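Using my numbering, you'd call the opening residue of the sequence shown number 6 and step up by one each time.
The structure appears below as structure tokens.
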Amino acid sequence: MLSGFRILRVAGISLELHASFLILITLMIVFLGFTDPASLFSTLVFVFILFASVLLHELAHALVARFRKIRVEKIILFPIGGMAVSKQNPSRPLDEFLIAVAGPAFNFMVVLGVLFFVSVYPQTPFFPAGLLENPSAFPVDALSDSVLKFPLMGLLWVNLMLGVFNLFVPAFPMDGGRILRAMLSAWMGGFRGTVAACHVSQVISILMIFWGLFSGGLMLALIGGFIFLAASQEKNSAQATHVLGNATIESIIRKNAWVLGYDSRVSEARSKMMELNEPALLVETGPNAFGMIFSEQLEKETNLVRNVREIAQSVPFISVQAPAREVLNFFNASELEAIAVQSGGQPAGFVFREDLEKLFKLLKLNKN
Ligand SMILES: [Zn+2]
6 MLSGFRILRV
16 AGISLELHAS
26 FLILITLMIV
36 FLGFTDPASL
46 FSTLVFVFIL
56 FASVLLHELA
66 HALVARFRKI
76 RVEKIILFPI
86 GGMAVSKQNP
96 SRPLDEFLIA
106 VAGPAFNFMV
116 VLGVLFFVSV
126 YPQTPFFPAG
136 LLENPSAFPV
146 DALSDSVLKF
156 PLMGLLWVNL
166 MLGVFNLFVP
176 AFPMDGGRIL
186 RAMLSAWMGG
196 FRGTVAACHV
206 SQVISILMIF
216 WGLFSGGLML
226 ALIGGFIFLA
236 ASQEKNSAQA
246 THVLGNATIE
256 SIIRKNAWVL
266 GYDSRVSEAR
276 SKMMELNEPA
286 LLVETGPNAF
296 GMIFSEQLEK
306 ETNLVRNVRE
316 IAQSVPFISV
326 QAPAREVLNF
336 FNASELEAIA
346 VQSGGQPAGF
356 VFREDLEKLF
366 KLLKLNKN
């Protein structure tokens, strides 16, 4: 499970900074400290405004989710944005719509708040003189330099960009993509709505990649690639849920799970594997800890007296009653070819990727 360093706890929701975020801030301080110390402070203030806005945007999603009785455990800030972590996805289109709209709505409220403030207090320094007459003389890069003199302009600009980008780009995992999915799901049903929204996201992401590559906007191309992957994952997961439904893994567990003892050697593992005619075995790697060894690994190992536990891969265990769709999502997001199964705290067998994919194809034929 994703986690970071907790900075605050609001209404039962933990607000955390991901380690990569802290590393990036440290690197930025060191880099600017050497190259451009004069702009260090204003850049940090700008970054603070940006990420406080992102954090509050995510908090708005989370609070509306809570209001709609969907539990959100935490919000993690990454260098590229924030993410609300929840064990369940909103299943009703109206819930998803309201939760998705809440984030950008908060940003637009900040924009309106700033405009209201400067209209009530017109003496407040708001933006540099001449900005409206000649905006091209004030490039976006200059925003972080002028943020100390014009913090309200920075706040307005950051929130306007966050609101517009999240709301009007109808692509996963941005809010616009979720709003599109909610609307399509209400119209054509949850599964078909999700698949259609994922296809829209993929088309948009491919356009972003091409546009980014041809205009030299590498960041845009990277975001496009990220959106493409997120949309593909969302589509796979929707398909797994749709096809596998409430099926469990019970029918495809290979129960021939022989557990090699802690001191077993490679030679012993090889003969056991031949005897059982299975492509993998479990290995005891410690008290109540198990790893997995595959036939290809044993074939490559030349030292026959080596302890098998030294070359065993650690594998996650799942329960015998685990829903097949969750296991398929696990395989889609991992490189492992098998996962170990436990029953009552004891190893009970394996599920292989190929077996689950066969089950998926079989059930898919029945669905069509
Ligand atoms: Zn959002």
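No residue lacks a Cβ here, since even glycine has one placed at the ideal position from N, Cα and C.
Being a predicted model, the structure only gives us computed values, none of them experimental.
Straight-line CA distance for residue i to residue j?
i: Met158; j: Val106; result: 24 Å
i: Leu212; j: Leu29; result: 29 Å
i: Gln351; j: Arg259; result: 15 Å
i: Gly230; j: Ala176; result: 12 Å
i: Gln333; j: Leu153; result: A small correction: the amino acid at residue 333 is Leu; Gln does not occupy that position in the sequence shown. Looking at the two C-alpha atoms, the distance is approximately 51 Å.
i: Ala16; j: Phe111; result: 17 Å
i: Arg412; j: Val248; result: Because the chain here runs from 6 to 373, residue 412 falls outside it and cannot be looked at.
i: Ile232; j: Ile254; result: 31 Å
i: Ala243; j: Pro130; result: 50 Å
i: Phe365; j: Ala245; result: 8 Å
i: Leu61; j: Gly222; result: 28 Å
i: Glu273; j: Val325; result: 28 Å
i: Lys369; j: Met179; result: 29 Å
i: Ala201; j: Met193; result: 9 Å
i: Phe215; j: Gly108; result: 28 Å
i: Leu117; j: Phe53; result: 20 Å
i: Ser210; j: Phe219; result: 14 Å
i: Arg330; j: Arg314; result: 30 Å
i: Ile18; j: Phe336; result: 29 Å
i: Leu165; j: Lys372; result: 45 Å
i: Asn293; j: Met114; result: 54 Å
i: Leu20; j: Gln128; result: 36 Å
i: Asn4; j: Glu306; result: Here the chain comprises residues numbered 6 to 373, so residue 4 is not present and cannot be evaluated.
Answer with yes or no whether the minimum CB distance from residue i to chain D is below 8 Å.
i: Met114; result: Although the question refers to chain D, the structure presented lacks it and comprises just one protein chain.
Do residue i and residue j have their C-beta atoms within less than 8 Å of each other?
i: Ala252; j: Gln207; result: no
i: Val174; j: Leu55; result: no
i: Gly9; j: Ile81; result: yes
i: Ile323; j: Val346; result: yes
i: Ile34; j: Leu22; result: no
i: Val90; j: Lys79; result: yes
i: Arg186; j: Glu101; result: yes
i: Pro95; j: Ser190; result: no
i: Lys419; j: Trp263; result: Nothing can be reported for residue 419, as the shown portion of the chain is limited to 6 through 373.
i: Phe72; j: Phe26; result: no
i: Gly86; j: Val50; result: no
i: Ala327; j: Thr290; result: no
i: Phe155; j: Phe122; result: no
Quick one: is residue i buried, meaning 16 or more other Cβ sit within 10 Å of its Cβ, or exposed?
i: Ile298; result: buried
i: His66; result: buried
i: Gly38; result: exposed
i: Arg14; result: exposed
i: Asp41; result: exposed
i: Asn171; result: buried
i: Leu309; result: exposed
i: Val320; result: buried
i: Ala70; result: buried
i: Lys363; result: exposed
i: Ser124; result: exposed
i: Glu63; result: buried
i: Leu265; result: buried
i: Ile43; result: Checking the sequence, you will find Ala at residue 43 rather than Ile. Answer is exposed; the Cβ neighbour count stays below 16.
i: Gly349; result: exposed
i: Leu161; result: buried
i: Leu103; result: buried
i: Thr199; result: buried
i: Leu183; result: Position check: residue 183 holds Arg in this sequence, whereas Leu was assumed. Arg183 is buried by the Cβ-count criterion.
For ligand 2, is there any heavy atom lying closer than 7 Å to the beta carbon of residue i?
i: Asp180; result: Of the ligands one can find in the structure shown, namely ligand 1, none is ligand 2.
What residue ranges within the stretch 267–325 form continuous alpha helix (DSSP H) runs of no fewer than 4 residues, ordered along the chain? 271–281, 300–305, 313–316
Would you be able to state if there are at least three C-beta pairs under 8 Å between the stretch 262–271 and the stretch 221–228? no
Complete alpha helix (DSSP H) runs within the stretch 19–65 (minimum length 4 residues, chain order): 24–40
Counting Cβ pairs, one atom from each stretch, are 3 or more of them under 8 Å apart for the stretch 297–316 and the stretch 278–287? yes
Are the stretch 333–342 and the stretch 356–373 in contact at 8 Å, needing three or more beta carbon pairs? yes
Counting only runs of 4+ residues fully inside the stretch 344–373, write out the alpha helix (DSSP H) ranges in chain order. 358–372
Entirely enclosed alpha helix (DSSP H) segments - the stretch 217–250, minimum 4 residues: 223–249
Could you pull out every unbroken alpha helix (DSSP H) segment of at least 4 residues lying fully inside the stretch 154–226, listed in chain order? 156–173, 180–193, 195–220
Where are the beta strand (DSSP E) runs, 3 residues long or more, that stay fully inside the stretch 73–122, in chain order? 79–83, 86–90
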